[in-house]
Every structure is written in structure tokens, then in C-alpha cells.
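Report on the following structure.
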Amino acid sequence: MIIGVVFIPAAPLLCPDVDIEDLLVDERDASIELVLEFVLDAQQVIVIGSGERTHWFNQGGIGSTRGFGGLFDYSLGSGSERLPQVLTIAAAVLAGANWTGSVVGLEVAPDSNTQQREVLGREVAAKAAELNTLVVVVGDGSATRTEKAPGYVQPDAASFDEAMARAINEADTHAILDVDQEQADRLWCRGIPAWQVVAHAVDPMEGALILESAPFGVNYLVASWRP
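Take a look at the structure:
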């Protein structure tokens, strides 16, 4: 069963070897602390991140930060497949929480459709059915909050992020599933595919938004859902 969901940013700076100036130390610490609240009761972790393709890493894998400014390799579970950046970030957070148990990874393609995400959500629930499972979801809100943001500035970015933060805080799966993908794409919101997969996977839960920040014009969220 799913014993909890932890939402963390998809920021490379969440990896400590990349963030040598501690620019995201609060976000990293909050993410690790939330994971620590669940792992003592967990038998496995399922990590979901929005990436370039849809692919299951059923045994986990190994990711490197060398492609985005770091020096380290991070492992998920016992697998040897090469992890994408988004799952490497999750691996760094799990390493910070000293998790060495079983991990299954899921990379979700940005062009996956509603039906595909629903199927993936059911698959997540099925993989969690027999074991106490923590789900870690890696994704960001808009990347268009300021002129220096990756997607420049969009006037509706703040209201979009406010709605998404409220939905995650309230564990409002219907609001997450109702997000307009075209608007999300225009606002460079890369978290929607992973967020919608987990929204399909869970039974009703209670949410708590722990931290929200946008230091580089990208909206970062750290939050949890509990049964």
C-alpha cells in the first residue's frame, strides 16, 4: 500500500555536489526531512519523474551528476540502467535520507496523454499493493515567473502556480488531473506528467505543503500526502 507521497523539486541543485554554494539548502533539507518521516515504515520506494520518455526502471539504476555540474554517481536500488536527470535528483535525496532499500523508478514522457498517465497510475498502485510503499514525485511548477526564468516571464504563471500549490496542499487529485496541458507547456511546467500519474495512483489523502519557492523563476514545491 502507498503509505505516503513526497513531492520534491526537479532542480539539479538539489544534489549537494552540484549545489556547492548551498543555494537550495532549504529545499534539499525539507525534501530529505520529509522522506525521513516515511522511510522507517517503508518496504520500498517508487520514484516518479517527468523526463524525456516513458520507461520503468524496475530494479532502479545509476545516475550521474557529471552532465549538469556535479561529480558524483547516485544509485536507486540495485539496477545498473542509466538514470535520467530527474531520477538522479531523487536518488540524491534518497541518499541524503540514507535509504538503501528497494527502489522502482518511473520516467514519464512529457507528451504522454491522459489515458497513458491513468494506466501508469494504476501500474504504480499495483506495484505498491503488496509492500508498504513511499512514492517520491519529482517535478516543478512553472518556469516562467521572472525575466531570468528559463521560459522568460508569463503573466499567468503566478496564478497557475498558486492553483497547483493549493491542489497539492489539499491533495486535490481532481484539480491536478484537470490541468490544461497546453497551458502547462506554455508556462514550462514540467511536473504535470508525474503529478497526474500519482493523482491516478492514490486513494484519498491529506496533503501538506511544506515549502514553496521560486528563486530562479522556477516554482519549487516540497509537500507530502498521507492516507
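In terms of my numbering, the sequence shown opens at residue 3 and continues consecutively.
Backbone N, C-alpha and C fix where the C-beta goes; we use that ideal spot for every residue, glycine too.
Distance from the CA of Glu214 to the CA of Glu23, rounded to the nearest whole angstrom, comes to 20 Å. Excluding sequence positions up to five before and after Ile178, its CB lies within less than 7 Å of the CB of Ala169, Trp197, Gln198 and Ala201, all in the same chain and listed in chain order. Nearest Cα to Ile50 within the set Asp205, Phe70 and Arg119: Arg119. Cβ contact annotation for Phe70 (same chain, cutoff 7 Å, sequence separation greater than five): Pro14, Val20 and Gln87, in chain order. Annotated as distal: Asp205 and Pro11, with beta-carbon spacing of 7 Å or more.
For Val95, same chain residues with a beta-carbon under 8 Å away, outside a window of 5 residues either side, are Ile10, Leu16, Arg30, Ser33, Ile34, Val37 and Val138 in chain order.
The shortest C-alpha to C-alpha distance from Ala128 to any of Gly193, Ala167, Thr175 and Asn60 is the one to Asn60.
Nearest Cα to Trp227 within the set Phe162, Thr135 and Gly219: Thr135. Annotation: the continuous alpha helix (DSSP H) that includes Leu122 extends over Thr116 to Ala130. Within a 10 Å sphere around the beta-carbon of Glu54 sit fewer than 16 other beta-carbons, which makes this residue exposed. In terms of Cα proximity to Phe74, the closest of Gly65, Ser82, Gly81 and Leu133 is Gly65. Cα atoms of Met166 and Val47: separation of roughly 24 Å, rounded to the nearest angstrom. Beta-bridge partners of Asp19 (DSSP): none assigned. Only residues of its own chain outside the window of five on either side were considered, and among them Asn171, Ala225 and Ser226 have a CB closer than 7 Å to the CB of Ala210, listed in chain order. The residue from His57, Leu25, Thr67 and Val7 with its alpha-carbon nearest to that of Glu39 is Val7.
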